[in-house]
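The numbers in full-length UniProt numbering rise by one with no breaks, and the one at position 85 of the sequence shown is 85.
C-beta: ideal position from N, C-alpha, C; glycine also.
As the structure is a computational prediction, the values presented were derived from the model and not from experiment.
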Amino acid sequence: KEEKKEEKKEDEITEEILDKLNSVAYIVSNEVLEWDLKKTMDKIQERKRKKENFDELEDRKQQLELKMQLLVVQIQTEQLSFEAYTAMVQKKIDEERVWANKLVKTHKDEARLALTRARLMENELAAEDEE
Numbered sequence: 001k002e003e004k005k006e007e008k009k010e011d012e013i014t015e016e017i018l019d020k021l022n023s024v025a026y027i028v029s030n031e032v033l034e035w036d037l038k039k040t041m042d043k044i045q046e047r048k049r050k051k052e053n054f055d056e057l058e059d060r061k062q063q064l065e066l067k068m069q070l071l072v073v074q075i076q077t078e079q080l081s082f083e084a085y086t087a088m089v090q091k092k093i094d095e096e097r098v099w100a101n102k103l104v105k106t107h108k109d110e111a112r113l114a115l116t117r118a119r120l121m122e123n124e125l126a127a128e129d130e131e
């Protein structure tokens, strides 16, 4: 009985991670937003060519664009300092790596997505350090 409880808890944790991983609300990095936007636009074009529905992707595209605009406004109006942004991105890198480790056995593609996003953010911070 304990094992079943533990398994259910693991499943709930996995579902929560997957929800967060797929939600625009949990993306904090401009680099990841741009990457996801390009990926989403490519998928929209592909669906258009195949004459398939792309409403869901269009919604995601709008969410990504809005999130990018909000991030720019926060930085321009100094609601978000460079230091705070960097700290937020670093924390998110750590979180994405934890997610990847939790997902690697059961959801390899999603684990790979989390690692890709972590690398994008690391590259973003490294590039900012060089400036």
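query: If I'm right that Leu37 touches Arg47 with Cβ under 8 Å, what's the distance once you round it to whole angstroms?; result: Not really, about 16 Å apart at Cβ, beyond 8 Å.
query: Under the rule that 16 or more other beta-carbon atoms within 10 Å means buried, what is Leu66, buried or exposed?; result: exposed
query: Can the beta-carbon of Val89 be found closer than 7 Å to that of Gln63?; result: no
query: Closer than 6 Å by C-beta to Glu96: which residues in its own chain qualify, once you throw out the five before and the five after it? Chain order, please.; result: Ala114, Arg117 and Ala118
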